[in-house]
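Peer 1: Chains as they are written, first to last, in this note's numbering: chain Y, 284 to 474; chain A, 284 to 474.
First the structure, which I've put down as structure tokens, then a few questions once you've had a look.
There are 2 protein chains.
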Amino acid sequence: MARSKGFDPDRVLDSAMHTFWKQGYAATSAQDLCEATGIGRSSLYGTFESKHGLYMRSLERYADAGTAGLRDLVEARGPVRERVRRLLDSVVEEEVSQPGLGCFVVNAQIERAPSDPDVASVVRRGRAEVVDALVRALRTAQADGEIAADKDPEALADFVHAQIGALRLLGRSQADRATMEHVVDVAVGVL
Amino acid sequence: MARSKGFDPDRVLDSAMHTFWKQGYAATSAQDLCEATGIGRSSLYGTFESKHGLYMRSLERYADAGTAGLRDLVEARGPVRERVRRLLDSVVEEEVSQPGLGCFVVNAQIERAPSDPDVASVVRRGRAEVVDALVRALRTAQADGEIAADKDPEALADFVHAQIGALRLLGRSQADRATMEHVVDVAVGVL
DNA sequence: CACATTCGGGAATGATCGTTCTAGAATCAA
DNA sequence: TTGATTCTAGAACGATCATTCCCGAATGTG
Numbered sequence: 284m285a286r287s288k289g290f291d292p293d294r295v296l297d298s299a300m301h302t303f304w305k306q307g308y309a310a311t312s313a314q315d316l317c318e319a320t321g322i323g324r325s326s327l328y329g330t331f332e333s334k335h336g337l338y339m340r341s342l343e344r345y346a347d348a349g350t351a352g353l354r355d356l357v358e359a360r361g362p363v364r365e366r367v368r369r370l371l372d373s374v375v376e377e378e379v380s381q382p383g384l385g386c387f388v389v390n391a392q393i394e395r396a397p398s399d400p401d402v403a404s405v406v407r408r409g410r411a412e413v414v415d416a417l418v419r420a421l422r423t424a425q426a427d428g429e430i431a432a433d434k435d436p437e438a439l440a441d442f443v444h445a446q447i448g449a450l451r452l453l454g455r456s457q458a459d460r461a462t463m464e465h466v467v468d469v470a471v472g473v474l
Numbered sequence: 284m285a286r287s288k289g290f291d292p293d294r295v296l297d298s299a300m301h302t303f304w305k306q307g308y309a310a311t312s313a314q315d316l317c318e319a320t321g322i323g324r325s326s327l328y329g330t331f332e333s334k335h336g337l338y339m340r341s342l343e344r345y346a347d348a349g350t351a352g353l354r355d356l357v358e359a360r361g362p363v364r365e366r367v368r369r370l371l372d373s374v375v376e377e378e379v380s381q382p383g384l385g386c387f388v389v390n391a392q393i394e395r396a397p398s399d400p401d402v403a404s405v406v407r408r409g410r411a412e413v414v415d416a417l418v419r420a421l422r423t424a425q426a427d428g429e430i431a432a433d434k435d436p437e438a439l440a441d442f443v444h445a446q447i448g449a450l451r452l453l454g455r456s457q458a459d460r461a462t463m464e465h466v467v468d469v470a471v472g473v474l
């Protein structure tokens with residue numbers, strides 16, 4: 284009945300995501316997006332409603348995949364202490380392997396959350412999912428006597444989640460791997 | 284010999300700083316700066332070389348004052364554990380009293396450090412000053428037997444500094460005070 | 001093949017960007 | 001007051017912004 288698209292929307296979304304991730308929202312122009320994705324303005328605006336729409340789609344895509352990955356690590360088997368270490372190690376590994384990128388959600392949180400309710404909502408949701416998974420894991424571990432009974436699982440969960448943010452921040456400014464490992468080592472020590 | 288300026292450059296710098304701090308670099312226009320500072324384009328470009336120049340002056344001013352404040356808290360008298368708590372508490376207090384602002388340096392770190400060597404340099408310098416002060420304080424405390432001998436002062440310093448970043452991140456997205464206090468409580472517990 | 005429909009490159013839109021220019025008002029020393 | 005100098009408001013600059021439009025090319029259906 285009609286012509287089919289000459290590009291894969293998922294690939295386009297991936298390219299756009301990396302561009303927004305690296306440069307931020309305001310510093311990325313429609314021109315940049317066309318060059319990164321390889322499609323024209325018409326296709327871009329025809330498929331995604333606007334620059335902001337494309338940004339939100341990219342951000343949600345990234346956040347969904349990211350939180351799912353973190354939750355999997357939190358909900359894995361084994362001592363919770365080891366799971367948290369693997370969680371934080373995985374963040375360090377990602378930052379080291381992609382220097383200067385940081386985390387798209389953290390970047391969006393800084394740049395746009397205060398002025399963009401849609402972004403703030405994605406950030407809040409992602410945070411809640413990870414923290415909730417951590418709280419559940421820590422509660423279970425506490426019931427099993429694996430961590431001290433006098434500790435507050437919610438406080439620990441907030442703390443561990445905050446470490447992820449701290450590592451993302453360090454990664455964005457290309458801090459040494461040693462610095463990030465220091466943070467992980469000390470943080471894991473509290474459990 | 285000539286006319287004198289009709290405005291106070293320091294006040295202008297303060298107004299510009301707050302605008303950049305809140306909105307970021309790319310999202311702040313020369314128009315915004317003129318409105319915030321109350322001076323015209325000519326005066327702005329005549330006094331500061333460019334938008335980027337004004338941004339750097341603002342950032343350096345903020346960073347100098349901020350790191351000096353943090354260093355003072357670290358180098359105060361009393362048990363190092365209490366000093367660190369006051370340090371982190373002061374960050375929480377600032378974030379709560381200025382919701383959604385976060386830290387200008389952290390914001391700049393995310394938005395511009397990867398693509399702006401000048402900004403990266405300011406960020407690096409600020410980090411080094413605070414971490415160095417922490418290392419010195421922790422080493423002294425360790426020599427006095429105040430903290431365990433098997434701990435690594437540099438690791439602890441990196442960790443404490445990372446907590447500041449984490450709190451700034453939480454502040455930028457207007458996290459609950461309770462969340463930030465959780466982070467502080469758990470973090471201080473490791474010393 | 002022929003038609004209906006969608007796609008997409010690139011020109012065009014008005015707005016806004018950072019920056020410079022212009023012209024006159026204001027301020028100093030003499 | 002004079003004259004040299006520096007100030008500043010606002011117009012003007014070319015560039016670029018996000019977005020829309022045009023229209024020929026491409027494609028699936030009958």
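Glycine residues also receive a C-beta, built at the ideal position from the N, C-alpha and C atoms.
None of the values given here were measured: they were computed from a predicted structure.
#1: Can you give me, in chain order, the residues of the region 424 to 439 of chain A that have a beta carbon less than 8 angstroms from any beta carbon in chain Y?
#2: Are Y:V466 and A:D441 close, meaning C-beta to C-beta below 8 angstroms?
#3: At a CB distance below 7 angstroms, what residues from the region 388 to 405 of chain Y approach chain A? Give them in sequence order.
#4: Just mark Y:Q381 as buried or exposed, buried being the case when its beta carbon has 16 or more other beta carbons within 10 Å.
#5: Taking the continuous alpha helix (DSSP H) assigned at Y:F442, which residues delimit it?
#6: DSSP state of Y:Q306, grouped into three classes?
#7: According to DSSP, is Y:V375 part of a helix, a strand, or is it coil?
#8: Looking at Y:A411 and Y:V402, is the spacing between their C-beta atoms short of 8 angstroms?
#9: Thinking just about the alpha-carbon of each residue, which of A:W304, A:V418 and A:Y328 is nearest to the one in A:R354?
#10: Could you tell me if A:Q446 is buried or exposed, where buried requires 16 or more neighbouring beta carbons within 10 angstroms of its beta carbon?
#11: Enumerate in chain order the residues of its own chain whose CB-to-CB distance from A:E274 is below 6 angstroms, with the five nearest sequence positions on each side excluded.
#12: Drop a sphere of 10 angstroms on the beta-carbon of A:G361, count the other beta-carbons inside from all chains shown, and report buried for 16 or more, exposed for fewer.
#13: So, does the CB of Y:A348 fall closer than 8 angstroms to a CB anywhere in chain A?
#14: Within the 8 angstroms Cβ cut-off, does A:D315 reach chain Y?
#15: How would you label Y:K305, buried or exposed, when you count the other beta carbons within 10 angstroms and need 16 or more for buried?
#16: Which residue wins for smallest C-alpha separation from A:R478, given the options Y:E365, Y:V389 and Y:A416?
#17: For Y:Q314, which of helix, strand or coil comes out of DSSP?
#18: What is the DSSP secondary structure of A:R369, reduced to helix, strand or coil?
#19: Identify which residue in Y:A310, Y:S298, Y:G289 and Y:D291 has its Cα closest to the Cα of A:R398.
#20: Under 8 angstroms between C-beta atoms, does Y:G448 make it to chain A?
#21: Considering only C-alpha positions, which residue in the set Y:R422, Y:A458 and Y:V406 is nearest to A:A458?
#22: Rounded to the nearest angstrom, what separates Y:G385 and Y:S456 at their Cα positions?
#23: So with Cβ pairs under 8 angstroms, would you call Y:D291 a contact of chain A?
#24: What residues from the region 372 to 384 of chain A come within 7 angstroms of chain Y, judged by C-beta to C-beta, listed N to C?
#25: What does A:D468 reach in chain Y if we use C-beta pairs closer than 7 angstroms?
#26: Quick check on the DSSP output: what are the complete alpha helix (DSSP H) runs of length 4 or more inside the region 313 to 350 of chain Y, in order along the chain?
#27: Using only the alpha-carbon positions, how far apart do A:A348 and A:L370 sit?
#28: 8 angstroms is my cut-off, CB to CB: does Y:D415 come that close to chain A?
#29: Check whether the region 325 to 340 of chain A and the region 292 to 302 of chain A are in contact - that is, three or more C-beta pairs closer than 8 angstroms.
#30: Which chain Y residues are close to A:L452, counting only those with a beta carbon under 9 angstroms from its beta carbon?
#31: Based on Cα-Cα distance, which residue from A:G448, A:D291, A:A449 and A:A416 lies nearest to A:E437?
#32: Mind listing the chain A neighbours of Y:V473? Cutoff is C-beta to C-beta under 7 angstroms, in chain order.
#33: Is there a Cβ of chain A sitting closer than 8 angstroms to that of Y:A309, yes or no?
#34: Tell me, please, whether the CB atom of A:H301 is closer than 8 angstroms to any CB atom in chain Y?
#35: In the DSSP assignment, the alpha helix (DSSP H) including Y:G385 goes from what residue to what residue?
Peer 2: For this structure:
#1: Within the region 424 to 439 of chain A, the qualifying residues are D435, E437, A438 and L439.
#2: yes
#3: V389, N390, Q392, I393, E394, A396, P397 and A403
#4: In summary, Y:Q381 is exposed, with fewer than 16 beta-carbon neighbours lying within 10 Å of its beta-carbon over all protein chains present.
#5: Taken as a continuous stretch (DSSP letters only), the alpha helix (DSSP H) holding Y:F442 covers P436 to R455.
#6: helix
#7: helix
#8: Taking 8 angstroms as the Cβ cut-off, Y:V402 and Y:A411 do not qualify as a contacting pair.
#9: A:V418
#10: By the neighbour-count rule (16 or more Cβ atoms within 10 Å), A:Q446 is buried.
#11: Here chain A comprises residues numbered 284 to 474, so residue 274 of chain A is not present and cannot be evaluated.
#12: Exposed.
#13: no
#14: no
#15: buried
#16: Residue 478 of chain A lies beyond the residue range present for chain A, which begins at 284 and ends at 474; the question has no answer from this structure.
#17: helix
#18: helix
#19: For the record, residue 398 of chain A in the displayed sequence is Ser; it is not Arg. Minimum Cα distance to A:S398 is reached at Y:A310.
#20: yes
#21: Y:V406
#22: 8 angstroms
#23: no
#24: G383
#25: A438
#26: 313 to 320 and 324 to 330
#27: 15 angstroms
#28: no
#29: Short answer: they touch.
#30: V389, Q392, I393, A445, G448, A449, R451 and L452
#31: A:A416
#32: V469, G472 and V473
#33: yes
#34: no
#35: Where Y:G385 is concerned, there is no enclosing alpha helix (DSSP H), given that its DSSP letter is neither H nor E.
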